[in-house]
Amino acid sequence: MARLPNTFHPATYPEQLRAEMPSKTSVEFRAALRRVRTESVPEGIYAEDLIAKIELISDRDLREEALDYFERGSYFERTNPWVDILGAMFDLTPEDIDYWWMQ
Numbered sequence: 476m477a478r479l480p481n482t483f484h485p486a487t488y489p490e491q492l493r494a495e496m497p498s499k500t501s502v503e504f505r506a507a508l509r510r511v512r513t514e515s516v517p518e519g520i521y522a523e524d525l526i527a528k529i530e531l532i533s534d535r536d537l538r539e540e541a542l543d544y545f546e547r548g549s550y551f552e553r554t555n556p557w558v559d560i561l562g563a564m565f566d567l568t569p570e571d572i573d574y575w576w577m578q
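Residue numbers (my numbering): 476 to 578.
And the structure:
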């Protein structure tokens, strides 16, 4: 009996799932942020909250990149590093973001 190759790699499985998650338009992304509910974010994340966190980034170039991504992005991909970086600013884990992303 032939053996099937092992295609399940626990270390990369979450990344594979994230790559398959649907993109969000700017409107969908902002609406989803407002629905985030965790112990550290009891009332959702509003644009002004996110911008205030971004303004705390000390590196000017990174701060501008984050602002550009959030304020001017027309769609958002779960695999974009800024999604996890901005989530971490609100003490959200990648798993928290995955759950929120699919709501």
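For each residue, glycine too, the CB sits at the ideal point set by N, CA and C.
Residue span of the alpha helix (DSSP H) that contains residue i, given as start and end
i	result
P556	P556 to A563
V502	S501 to R510
I572	P569 to W576
P497	From DSSP, P497 is part of no alpha helix (DSSP H); its letter is neither H nor E.
Exposure label - residue i; buried when at least 16 CB within 10 Å
i	result
L537	exposed
L567	buried
V511	buried
I529	buried
L492	exposed
A506	exposed
A494	exposed
Residue i - DSSP class collapsed to helix/strand/coil
i	result
Y550	strand
E523	helix
Closer than 7 Å: residue i CB and nearest the ligand GDP heavy atom
i	result
R553	As presented, the structure is devoid of all ligands, the ligand GDP included, so that no description of it is given.
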